[in-house]
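Student: Protein chains in written order, with the UniProt record's numbering: chain A, 1 to 133; chain B, 1 to 133.
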DNA sequence: CTACACCCTGAAGCAACTACAGGGTCAAGC
DNA sequence: GCTTGACCCTGTAGTTGCTTCAGGGTGTAG
Ligand SMILES: [Zn+2]
Ligand SMILES: [Zn+2]
Ligand SMILES: [Zn+2]
Ligand SMILES: [Zn+2]
């Protein structure tokens, strides 16, 4: 399997695959006589895992840990759950932040009466009073 | 006003102030004889504006446009509203994405029965069938 | 045999900062 | 008058997760 095939099989782009190899997330594959990367089923599985984890929003560091943990099938999955829980908490925090932002911005936007910039409530909200010369 | 005072007055860190100057967002101030930056009220106002806009999640590019628009007080505020509306839409999209992520992740997390990694539903979700050796 | 799609490496660019390294300046306290 | 410490300066590199580019080589179909 050449890099382009691997990439399209996982909806990844080719540069990203090479990037994962560079940062040590994906093992360097064998090479053909013309120095092309030659991937096998194990690489495909690994990259699929990575992409799914990324789709779930895990950072590359978290993915790295998940990969390591997933290789040790006899262990308890506590550590895996821990990583996922932390991630969930983080997502909740982000959602909360964005909602607060959203409501503030929407309030500001709603208060604009569409006149000149001098009267614009949006600008007024941003500028400390009397900013304009 | 020295950079440290300006920075603490706007809850910005000093490096960030210098960074804003470097990218042309904040005008270079006068210098003292010892080459220290000397800021005035206009700089304080400008930086306050920038920070508030950033707090509302506007990108630096958007902030740049807002600053330009805010200087032209006679104009209609349509462009300002436009920038803010686009930003609101973007925030909504992000919230939507995160919520989808959250529900997926939470479903996966809930399905784990806390045994070994081999049985972990989280790993199972990530791995295409039969990934582990 | 010549297009053209694909592959290679290595470096740089993106957002928006943050963190050094390696200096200079200035006021206070002894 | 001299040291200590807080502050200031410049310039560069690091962060995250890629993408893009420059400047090549390879392989195959027409
Ligand atoms: Zn308006
Ligand atoms: Zn307005
Ligand atoms: Zn569990
Ligand atoms: Zn589990």
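Heads up, the beta-carbon is just placed ideally off N, CA and C, and yes, glycines get one too. Computed from a predicted structure; not experimentally measured.
By a C-beta neighbour count over all protein chains shown, 10 Å radius and 16 as the cutoff for buried, is residue 46 of chain B buried or exposed?
Tutor: buried
Student: Got a sec? Which residues, its chain only, sit under 8 angstroms from residue 36 of chain B by beta carbon, not counting five neighbours each side?
Tutor: 2, 3
Student: How about residue 87 of chain A and residue 26 of chain B: do their beta carbons lie closer than 8 angstroms?
Tutor: no
Student: Within 8 angstroms of any Cβ in chain B, is that where the Cβ of residue 110 of chain A sits?
Tutor: no
Student: Residues of chain A with CB closer than 8 angstroms to the CB of residue 114 of chain B, please, in chain order.
Tutor: 76, 77, 78, 81
Student: Beta carbon of residue 87 of chain A: closer than 7 angstroms to some heavy atom of ligand 4?
Tutor: no
Student: Can you list, in chain order, the residues of the segment 51 to 70 of chain A whose Cβ is nearer than 8 angstroms to any Cβ on chain B?
Tutor: Within the segment 51 to 70 of chain A, 52, 53, 56, 57, 66, 69, 70 place their CB atoms closer than 8 angstroms to a CB of chain B, listed in sequence order.
Student: Taking buried to mean at least 16 other C-beta atoms within 10 Å of its own C-beta, is residue 7 of chain B buried or exposed?
Tutor: buried
Student: Tell me which residue opens and which closes the alpha helix (DSSP H) that residue 163 of chain A is part of.
Tutor: What the structure shows of chain A is the stretch from 1 to 133, and residue 163 of chain A is not part of that stretch, so it cannot be assessed.
Student: By alpha-carbon positions, which one of B:64, B:77, B:128, B:55 ends up nearest to residue 113 of chain A?
Tutor: B:77
Student: If we ignore side chains and look at the alpha-carbon of each, how far apart do residue 133 of chain A and residue 94 of chain A end up?
Tutor: The pLDDT assigned to residue 133 of chain A is 47, lower than 50, so where the model puts this residue is not dependable; a value taken from the coordinates is nonetheless given after this. Cα-Cα distance, rounded: 38 angstroms.
Student: List the residues of chain B that residue 89 of chain A touches, going by C-beta distances under 7 angstroms, in chain order.
Tutor: Simply none; closest approach about 10 angstroms.
Student: Can you find the residues in the same chain that come closer than 7 angstroms, C-beta to C-beta, to residue 14 of chain A, ignoring five residues on each side of it along the sequence?
Tutor: 3, 4, 7
Student: Strictly by DSSP, which residues pair up with residue 76 of chain A?
Tutor: B:116
Student: If residue 62 of chain B and residue 83 of chain B are in contact, beta carbons under 8 angstroms, what's the gap, nearest whole angstrom?
Tutor: 5 angstroms
Student: State yes or no: is the C-beta of residue 122 of chain B nearer than 7 angstroms to some heavy atom of ligand 5?
Tutor: Judged by which ligands are present, ligand 5 is missing from the structure shown, whose ligands are ligand 1, ligand 2, ligand 3 and ligand 4.
Student: Can you pull the chain B neighbours of residue 29 of chain A, defined as C-beta to C-beta under 9 angstroms?
Tutor: None at all; the shortest Cβ gap to chain B is about 17 angstroms.
Student: Under the rule that 16 or more other beta-carbon atoms within 10 Å means buried, what is residue 89 of chain A, buried or exposed?
Tutor: exposed
Student: How would you list, in chain order, the residues of chain B whose beta-carbon sits under 8 angstroms from the beta-carbon of residue 105 of chain A?
Tutor: 56, 57, 84, 87, 88, 91
Student: Just to check my reading of the structure: residue 30 of chain B and residue 41 of chain B have Cβ atoms closer than 8 angstroms, yes? What is that Cβ distance to the nearest angstrom?
Tutor: Incorrect: roughly 13 angstroms between the Cβ atoms, too far for contact.
Student: Would you mind giving the Cβ-Cβ distance between residue 128 of chain A and residue 70 of chain B, rounded to the nearest angstrom? I have them listed as a contact below 8 angstroms.
Tutor: In fact, because the Cβ distance is near 12 angstroms, the residues do not count as touching under 8 angstroms.
Student: Listing by chain order, which chain B residues have their CB less than 9 angstroms from the CB of residue 117 of chain A?
Tutor: 69, 70, 71, 72, 73, 74, 75, 76, 77, 79, 80
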